[in-house]
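Asker: Taking numbering that gives the first Met the number 0, the leading residue of the sequence shown gets 0, the next gets one more, and so forth.
By construction, the Cβ of each residue, glycine as well, lies at the ideal position given by its N, Cα and C atoms.
Only a predicted model underlies this, so the values are computations on that prediction, with no experimental measurement involved.
Okay, here's the structure, questions in a sec.
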Amino acid sequence: MKIAILPGDGIGTEIVAQAERVLGCLDLEFETETAAVGGAAYEAHGHPLPEATLKLAKEADAVLFGAVGDWKYDKLERALRPEQAILGLRKNLGLFANFRPAICYEQLTHASSLKPELVAGLDILIIRELTGDIYFGQPRGRREAPDGAFKGAPEAFDTMRYSRPEIERIAHVAFRAARKRNRKVTSVDKANVLETFQFWKDVVTEVHAQYPDVELEHMYVDNAAMQLVKAPKKFDVLVTGNMFGDILSDEAAMLTGSIGMLPSASLNESGRGLYEPSHGSAPDIAGKDLANPLATILSVAMMLRFSLNQPEAADRIESAVRSVLAAGYRTADIWSDGCTKVGTRAMGDAVVAALSGTTAKTITKS
Ligand code: IPM
Ligand code: MG
Numbered sequence: 000m001k002i003a004i005l006p007g008d009g010i011g012t013e014i015v016a017q018a019e020r021v022l023g024c025l026d027l028e029f030e031t032e033t034a035a036v037g038g039a040a041y042e043a044h045g046h047p048l049p050e051a052t053l054k055l056a057k058e059a060d061a062v063l064f065g066a067v068g069d070w071k072y073d074k075l076e077r078a079l080r081p082e083q084a085i086l087g088l089r090k091n092l093g094l095f096a097n098f099r100p101a102i103c104y105e106q107l108t109h110a111s112s113l114k115p116e117l118v119a120g121l122d123i124l125i126i127r128e129l130t131g132d133i134y135f136g137q138p139r140g141r142r143e144a145p146d147g148a149f150k151g152a153p154e155a156f157d158t159m160r161y162s163r164p165e166i167e168r169i170a171h172v173a174f175r176a177a178r179k180r181n182r183k184v185t186s187v188d189k190a191n192v193l194e195t196f197q198f199w200k201d202v203v204t205e206v207h208a209q210y211p212d213v214e215l216e217h218m219y220v221d222n223a224a225m226q227l228v229k230a231p232k233k234f235d236v237l238v239t240g241n242m243f244g245d246i247l248s249d250e251a252a253m254l255t256g257s258i259g260m261l262p263s264a265s266l267n268e269s270g271r272g273l274y275e276p277s278h279g280s281a282p283d284i285a286g287k288d289l290a291n292p293l294a295t296i297l298s299v300a301m302m303l304r305f306s307l308n309q310p311e312a313a314d315r316i317e318s319a320v321r322s323v324l325a326a327g328y329r330t331a332d333i334w335s336d337g338c339t340k341v342g343t344r345a346m347g348d349a350v351v352a353a354l355s356g357t358t359a360k361t362i363t364k365s
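Here is the structure:
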């Protein structure tokens, strides 16, 4: 089994390093190969997604991705910006199904900005379509407005579009995922305004006929945003398009205490995938040993379960993370009174120690 490791920018290198240590203590044989991506790749090779990195990602059984982006690249032309690396990987590898679970760990109930009773026991799954919608729709660009009240004025435009097969396949993913959970799917749309999302709603409803054992509800995206902070536990699986999924998954992340806790998986038709924390590269705290590595470590668990067929190893990692939280270790983003504040590396130490069945007495002082 070959894993491509793409740490990227900002805190990416630090958090991926801890995830690699976790991979290393599982008693499983992996081949790993590391390559540059994002701003780091632009610096080294003049492009955020060099050919060699893309080739490695395509050949590997799974990709472990850190994060990309830094404000210092904001002035570069779009095609050379770090974000193009992750968008290019998603498109080139056909990673259309993005799983973003939002789980509130018992010990972090008080780290959420919502009242503890609203989030205690929260376990929802956002399934975001990842290769279509306004993110990739053509045409797009800048031009002189061809019509309207400001005809002739400079304007910019993007295109929101979804084809039937694109909606069908993500709907199947959502209904199948719901069968392994509480058998409820909420399809999020904006059918009251957008043609694309009326079509989305129609197609999801058609696919649902094949899953009579799963309950389907439709919800407008503005209402979904509201319900997520009002009564998040009413959801089980949410399925939505690329743009709405981007926004709602950040919102859902905050319910769990910190976006630093949330892993994600992006899968293609053949089950190959890219695994990355849901958070970004956080350049402001990069290199300071402050970042929470748990989202990346939990992404390794998803990788073992979804792409590498090692469900037991995945369970071991997840229970190690729970025990580390139970023992009181917290990075700054999830810290509260009475807990032990640790840095990135020490959090990695604690998970490694929990995996080897010892308590983390050997914590590196950071
Ligand atoms: C995410 C990120 C990306 C996205 C950016 C970095 C392109 O926000 O994975 O949610 O918008 O999809
Ligand atoms: Mg996002």
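Rounding to the nearest angstrom, what Cα-Cα distance links G38 and H46 in this structure?
Answerer: Here residue 38 refers to the residue found at position 39 when the sequence shown is read from its first residue. Here residue 46 refers to the residue found at position 47 when the sequence shown is read from its first residue. Rounded to the nearest angstrom, the two C-alpha atoms are 8 Å apart.
Asker: Which whole-angstrom value describes the C-beta separation of V62 and L273, a residue pair presumed to lie in contact below a C-beta threshold of 8 Å?
Answerer: Your numbering for residue 62 matches position 63 in the sequence shown. Your numbering for residue 273 matches position 274 in the sequence shown. Yes, V62 and L273 are in contact; Cβ-Cβ is about 4 Å, under 8 Å.
Asker: Measure the C-alpha to C-alpha separation of T380 and G286 and round it to an integer number of angstroms.
Answerer: Residue 380 is absent from the structure shown; the chain starts at 0 and stops at 365.
Asker: Provide the residue span of the alpha helix (DSSP H) that contains S112, from first to last.
Answerer: Position 113 of the sequence shown, counted from the first residue, corresponds to residue 112. Note, S112: premise wrong, no alpha helix (DSSP H); not H, not E.
Asker: For F198, which of helix, strand or coil comes out of DSSP?
Answerer: As a first step, residue 198 is located in the sequence shown; it is residue number 199 there, counting from the start. Helix.
Asker: Using the beta-carbon of each residue, find all residues closer than 5 Å to any heavy atom of the ligand IPM and list them in chain order.
Answerer: In chain order, the hits are E82, D245.
Asker: Any idea if I302 is buried or exposed, counting beta-carbon neighbours within 10 angstroms, 16 or more meaning buried?
Answerer: Within the sequence shown, numbered from 1, the residue matching residue 302 stands at position 303. According to the sequence shown, residue 302 is Met rather than Ile. It is buried - the Cβ of M302 has at least 16 other Cβ atoms within 10 Å.
Asker: Closer than 8 Å: is that where the CB of S248 sits relative to any heavy atom of the ligand MG?
Answerer: As a working mapping, residue 248 is identified with position 249 in the sequence shown. Yes.
Asker: Can you tell me where the beta strand (DSSP E) with M218 in it begins and where it stops?
Answerer: Here residue 218 is taken as the residue at index 219 of the sequence shown, counted from 1. Taken as a continuous stretch (DSSP letters only), the beta strand (DSSP E) holding M218 covers 214 to 219.
Asker: State yes or no: is the C-beta of V95 within less than 9 Å of the C-beta of L129?
Answerer: The sequence position of residue 95 within the sequence shown is 96, counting from 1. The sequence position of residue 129 within the sequence shown is 130, counting from 1. The sequence as given places Phe at residue 95; Val does not occur at that position. Yes; because the gap between Cβ atoms is below 9 Å, this pair is in contact.
Asker: Would S248 and R99 qualify as a contact pair, given that the criterion is a beta-carbon distance under 9 Å?
Answerer: Position 249 of the sequence shown holds residue 248. Position 100 of the sequence shown holds residue 99. A contact, by the Cβ cut-off of 9 Å.
Asker: Over what stretch of residues does the beta strand (DSSP E) that includes T185 continue unbroken?
Answerer: Position 186 of the sequence shown, counting from 1, holds the residue named residue 185. From DSSP, the beta strand (DSSP E) with T185 extends over 183 to 188.
Asker: Apart from the five residues just before and just after Q309, which ones in its own chain have a Cβ nearer than 7 Å to its Cβ?
Answerer: Here the question's residue 309 lines up with position 310 in the sequence shown. Closer than 7 Å at the Cβ level, and outside the excluded window around Q309, lie L27, L303.
Asker: When you compare only the Cα positions, how much space is there between F29 and I85?
Answerer: The sequence position of residue 29 within the sequence shown is 30, counting from 1. The sequence position of residue 85 within the sequence shown is 86, counting from 1. For F29 and I85, the distance between alpha carbons rounds to 24 Å.
Asker: Between which residues of its own chain and G120 is the CB-CB distance below 6 Å, once the five residues before and five after are set aside?
Answerer: Taking the sequence shown and counting its residues from 1, one reaches residue 120 at position 121. Excluding residues within five positions, none has a Cβ falling inside 6 Å.
Asker: List in chain order: all unbroken alpha helix (DSSP H) runs of 4+ residues lying wholly within the region 8 to 70.
Answerer: Those alpha helix (DSSP H) runs which fall completely within the region 8 to 70 and span 4+ residues are 11 to 23, 38 to 44, 50 to 58.
Asker: Taking all protein chains shown into account, do 16 or more other C-beta atoms lie within 10 angstroms of the C-beta of F64, making it buried, or fewer, making it exposed?
Answerer: Mapped onto the sequence shown, residue 64 falls at position 65. Looking at its Cβ environment, which holds 16 or more other Cβ atoms inside 10 Å, F64 is buried.
Asker: For the region 266 to 321, which segments carrying the alpha helix (DSSP H) assignment without a break, of at least 4 residues, lie completely within its bounds, in sequence order?
Answerer: Taking only runs of at least 4 residues, the alpha helix (DSSP H) segments lying wholly in the region 266 to 321 are 293 to 305.
Asker: Would you check if the distance between the CB atom of A51 and the CB atom of D8 is smaller than 9 Å?
Answerer: For the purposes of this step, residue 51 is taken as residue 52 along the sequence shown, with counting starting at 1. For the purposes of this step, residue 8 is taken as residue 9 along the sequence shown, with counting starting at 1. Their beta carbons are not under 9 Å apart, which means A51 does not touch D8 by this criterion.
Asker: Within a Cβ cutoff of 6 Å, which residues of the same chain sit near M0, ignoring the five residues on either side of it in sequence?
Answerer: For this step, residue 0 is matched to residue 1 along the sequence shown. If we look at M0 and ignore the five residues flanking it on each side, its Cβ neighbours are F29, D60, L307.
Asker: Alpha carbons only, please: which of G356, M242, A325, V320 is nearest the one belonging to Q17?
Answerer: Looking up residue 17 in the sequence shown gives position 18. Of G356, M242, A325, V320, the residue nearest in Cα terms is V320.
Asker: In whole angstroms, what separates the C-alpha of R180 from that of L124?
Answerer: As a working mapping, residue 180 is identified with position 181 in the sequence shown. As a working mapping, residue 124 is identified with position 125 in the sequence shown. Their backbone Cα atoms lie some 9 Å apart in a straight line.
Asker: Go ahead and pull the three-state DSSP assignment for S257.
Answerer: The sequence position of residue 257 within the sequence shown is 258, counting from 1. Coil, per DSSP.
Asker: Go to A326, then tell me how far its alpha helix (DSSP H) extends in each direction, as first and last residue.
Answerer: For the purposes of this step, residue 326 is identified with residue 327 of the sequence shown, where counting begins at 1. No alpha helix (DSSP H) contains A326, which DSSP labels as neither H nor E.
Asker: Measuring CB to CB, does A312 end up less than 9 Å from A300?
Answerer: Taking the sequence shown and counting its residues from 1, the one referred to as residue 312 is at position 313. Taking the sequence shown and counting its residues from 1, the one referred to as residue 300 is at position 301. In contact: A312 and A300 (Cβ atoms closer than 9 Å).
Asker: State the DSSP-derived secondary structure class of K360, mapped to helix, strand or coil.
Answerer: Within the sequence shown, the letter at position 361 stands for residue 360. Residue confidence is low: K360 scores 46 on pLDDT, short of 50, so the model does not pin down where it sits. No coordinate-derived value is stated.
Asker: Select from S112, Q197, F156 the residue whose C-alpha is nearest the C-alpha of I166.
Answerer: In the sequence shown, counting from the first residue as 1, residue 166 sits at position 167. Nearest option by C-alpha distance: Q197.
Asker: Residues in its own chain within less than 8 Å of I126 by CB, not counting five upstream and five downstream?
Answerer: Position 127 of the sequence shown, counted from the first residue, corresponds to residue 126. Excluding residues within five positions, the ones whose Cβ falls inside 8 Å are A96, N97, F98, R99, I169, V172, A173, A176, V236, L237, V238, T239, G244.
Asker: Looking at the unbroken alpha helix (DSSP H) that takes in D348, where does it start and where does it end?
Answerer: Taking the sequence shown and counting its residues from 1, the one referred to as residue 348 is at position 349. Note, D348: alpha helix (DSSP H), 343 to 354.
Asker: Nearest CA to the CA of L5: which residue from C24, V36, I14, H44?
Answerer: Working through the sequence shown from its first residue, we reach residue 5 at position 6. Considering only alpha carbons, the answer is V36.
Asker: What did DSSP end up calling P100 once you bin it into helix, strand or coil?
Answerer: Your numbering for residue 100 matches position 101 in the sequence shown. Strand at P100.
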